[in-house]
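Asks: Chains A and B, in that order, are what the protein sequence lines are. When we follow the UniProt record's numbering, the leftmost residue of the first sequence carries the number 1, and every step to the right adds one. When we follow the UniProt record's numbering, the leftmost residue of the second sequence carries the number 1, and every step to the right adds one.
2 protein chains.
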Amino acid sequence: MSMKHLTAKLAQQIDEELMNQAGAFSIDQLMELAGLACAQALARVYDKKRYPNVLVCCGPGNQGALQKLVTGLSAKLTLLEGGDGLVAARHLGMFGYTPTIFMPKPGSKDIYQRLKSQCDNMKIKTIPPSNDTSALRDALSSTNVILDAIFGFSFKGPIRSPFDSALPLLSGSRLPIVSVDIPSGWDVEEGNVEGVGLQPDVLVSLTAPKLGVRSFNGRHFLGGRFIPKTLEEKFELNLPEYPGSDQILELKE
Amino acid sequence: MSMKHLTAKLAQQIDEELMNQAGAFSIDQLMELAGLACAQALARVYDKKRYPNVLVCCGPGNQGALQKLVTGLSAKLTLLEGGDGLVAARHLGMFGYTPTIFMPKPGSKDIYQRLKSQCDNMKIKTIPPSNDTSALRDALSSTNVILDAIFGFSFKGPIRSPFDSALPLLSGSRLPIVSVDIPSGWDVEEGNVEGVGLQPDVLVSLTAPKLGVRSFNGRHFLGGRFIPKTLEEKFELNLPEYPGSDQILELKE
């Protein structure tokens, strides 16, 4: 039996089960382990000596344009997106990288503020908000690798401002890209059908790959090692076995 | 400059700074990373094929006898103890070990309930509460290695029931023991002065070693890779560098 690729709905359902009364996980726990996995996957591929400067691109969190599109998802769930990036940025800082945060639509909820403060305390720089793309261009000029945590499994196009202008810049930089869960701009189930999505070199799928990345042929990692066996069986995920005590697993063809 | 060994007061102060408004960490985040480090250190030393059955011994949480002794510590801080063990048990389960939880004085706070539910969902067994030590004896007979997360840095003797009868049983089992932060029964600053403490083979010091373990000469790991450089410098901790993206670091003489 091969590993299941998730629809957006199923991905949502799994996150809901993890966080409901039975699953009992807090968003802090899940985000911490997911963000750690993203940072570790990036570190596995891009050595900090050759790739010290990481631009961590974080999505709009649970406010702004995206929020209107995710009716049906609990507010809790939408928090996961964007937050992963902030957690990853902090861990990358701990690993000795120099992350810079691009988060043009910061979330207003308490958890975002806290995750952001944790980065600030590590002296991780954030690109100041701006009406044009000059600050992002400047940051890209000294970036070695991009962590794309902009859109996650709840994304539905079209891409709204300011991400509509940011995505082409990221693509145009020709820098290596590590995407979290779903490359930004891709449809969660259909893939890069609009052709406007990023083309990552590395993908970190959280809990299980989504349907839209079936055709992805770069280096592909699994992260989010927190699915109890009972849940894995209920949803017939057929997850491969993580090695030892690692929090990431590289998927091979 | 060598690494600083912490007094109980300094260890408390560091945790407070991590969790106050400036540090901005939630207890969930810190406990998750600390518990993961404990599980990974155990897995590094004790292979799951030869040592599949882990007895995870958790302290009294923030209630019962201990609570009266920790005046001056915030309720938040005392939560850290015992909780680490539950998080470690869950990760050990994910790694493929068969953990059993011994937690004779379960905490009543919401976070304990949630951490416990997460273990229950993984079908991790808990030794039922009992007025005698027979259940613990039974569990020990099929245990391969003990994770000692009973007392942490806020411990002050004497050892109260039911831990006063549990500790000699754990020692008497002659099973390998991995202790978290401070071996149970040791004075946090003076070490095993009463001679009643456990004699672990492996120690996992969280954030930095405590004064009481200076004489410890087993395998010694550092975990809790979440201290920002600014905090490390403020308290002159002189922490060694963790390798790569690892969450544990083995200390060598």
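Backbone N, C-alpha and C fix where the C-beta goes; we use that ideal spot for every residue, glycine too.
Which same chain residues end up closer than 7 angstroms to B/Phe-163 when comparing Cβ atoms and leaving out the 5 residues on each side of it in sequence?
Replies: Here residue 163 of chain B refers to the residue found at position 163 when the second sequence is read from its first residue. Hits under 7 angstroms: Ile-150.
Asks: Could you tell me which residues DSSP puts in a beta bridge with A/Cys-58?
Replies: Your numbering for residue 58 of chain A matches position 58 in the first sequence. Bridge partners of A/Cys-58: A/Ala-149.
Asks: Is the stretch 196-216 of chain B touching the stretch 176-184 of chain B, taking contact as three or more C-beta pairs under 8 angstroms?
Replies: Touching, yes, given that three or more Cβ pairs across the two stretches are closer than 8 angstroms.
Asks: Under a Cβ-count criterion, where at least 16 other Cβ atoms within 10 Å of its own Cβ denotes burial, should B/Lys-229 be classed as buried or exposed?
Replies: Within the second sequence, the letter at position 229 stands for residue 229 of chain B. B/Lys-229 is exposed by the Cβ-count criterion.
Asks: Helix, strand or coil, according to DSSP, for A/Gly-72 in the structure here?
Replies: If you number the first sequence from 1, residue 72 of chain A lands on position 72. With a pLDDT of only 41 at A/Gly-72, under 50, the local geometry of the prediction cannot be trusted, and no value is derived from it.
Asks: Under 8 angstroms between the Cβ atoms of B/Pro-52 and B/Thr-98?
Replies: Translated into the one-based positions of the second sequence, residue 52 of chain B becomes position 52. Translated into the one-based positions of the second sequence, residue 98 of chain B becomes position 98. Contact flag set, yes.
Asks: Between A/Val-196 and A/Gly-212, how many whole angstroms is the CB-CB distance? I'm expecting something under 8 angstroms.
Replies: As a working note, residue 196 of chain A is residue 196 in the first sequence. As a working note, residue 212 of chain A is residue 212 in the first sequence. That pair is no contact at about 14 angstroms.
Asks: Could you tell me which of B/Ala-88, B/Pro-240, B/Phe-102 sits nearest to residue 258 of chain B, measuring between CA atoms?
Replies: Past the boundaries of the shown model lies residue 258 of chain B; chain B is included only from 1 to 253, so the question cannot be answered.
Asks: Under 8 angstroms, Cβ to Cβ, is there at least one residue of chain A near B/Asn-121?
Replies: Residue 121 of chain B sits at position 121 when you count from the first residue of the second sequence. Closer than 8 angstroms to some Cβ of chain A, the Cβ of B/Asn-121 qualifies, so yes.
Asks: Measure the Cβ-Cβ separation of A/Leu-175 and A/Ile-146 and say whether it is below 8 angstroms.
Replies: The residue given as residue 175 of chain A occupies position 175 in the first sequence. The residue given as residue 146 of chain A occupies position 146 in the first sequence. Yes; because the gap between Cβ atoms is below 8 angstroms, this pair is in contact.
Asks: Closer than 7 angstroms between beta carbons: that is the criterion. Which residues of the stretch 26-56 of chain B meet it against chain A?
Replies: Cβ contacts with chain A come from Ser-26, Asp-28, Gln-29, Glu-32, Leu-33, Ala-39, Gln-40, Ala-43.
Asks: By the 10 Å Cβ neighbour count, where 16 or more other Cβ atoms means buried, how is B/Gln-103 classified, buried or exposed?
Replies: In the second sequence, residue 103 of chain B corresponds to position 103, counting from 1. Looking at the sequence itself, residue 103 of chain B is Met, so the reference to Gln does not match. Looking at its Cβ environment, which holds 16 or more other Cβ atoms inside 10 Å, B/Met-103 is buried.
Asks: Interface residues of chain A around B/Pro-228 at Cβ under 9 angstroms?
Replies: Translated into positions along the second sequence, residue 228 of chain B becomes position 228. Residues of chain A passing the Cβ test: Arg-90, Gly-93, Met-94, Gln-118, Asn-121, Met-122, Lys-123.
Asks: Which residue comes first and which comes last in the alpha helix (DSSP H) that contains A/Gly-223?
Replies: On the first sequence, position 223 is the one that residue 223 of chain A refers to. Segment 219-223 is the beta strand (DSSP E) holding A/Gly-223; no alpha helix (DSSP H) there.
Asks: Could you name the residues of chain A that B/Ala-22 contacts, counting a contact when the two beta carbons are closer than 8 angstroms?
Replies: One-based indexing of the second sequence puts residue 22 of chain B at position 22. The answer, in chain order, is Ser-117, Asn-121.
Asks: Roughly how many whole angstroms lie between the Cα atoms of B/Ser-2 and B/Asn-238?
Replies: Within the second sequence, residue 2 of chain B is the residue found at index 2, counting from 1. Within the second sequence, residue 238 of chain B is the residue found at index 238, counting from 1. Each residue's alpha carbon lies about 6 angstroms from the other.
Asks: Following the continuous beta strand (DSSP E) through A/Pro-104, name the residue where it begins and the one where it ends.
Replies: Residue mapping note: residue 104 of chain A aligns to position 104 of the first sequence, counting from 1. Neither: A/Pro-104 is in no beta strand (DSSP E) and is coded neither H nor E.
Asks: Is it true that the CB of A/Ser-26 sits closer than 8 angstroms to the CB of B/Arg-114?
Replies: Stepping through the second sequence from its first residue, residue 114 of chain B is reached at position 114. Stepping through the first sequence from its first residue, residue 26 of chain A is reached at position 26. Closer than 8 angstroms, so yes.
Asks: Cβ atoms of B/Ala-41 and B/Val-202: under 8 angstroms apart, would you say?
Replies: In the second sequence, residue 202 of chain B corresponds to position 202, counting from 1. In the second sequence, residue 41 of chain B corresponds to position 41, counting from 1. Cβ atoms of B/Val-202 and B/Ala-41: closer than 8 angstroms.
Asks: Any beta carbon of chain A sitting closer than 8 angstroms to that of B/Gly-244?
Replies: Position 244 of the second sequence, counted from the start, is the residue given in the question as residue 244 of chain B. It does; some Cβ of chain A falls within 8 angstroms.
Asks: For B/Ala-88, tell me which candidate among B/Glu-16, B/Asp-148, B/Ser-141 has the shortest Cα-Cα distance.
Replies: Against the second sequence, residue 88 of chain B aligns to sequence position 88. The shortest C-alpha separation from B/Ala-88 is found at B/Asp-148.
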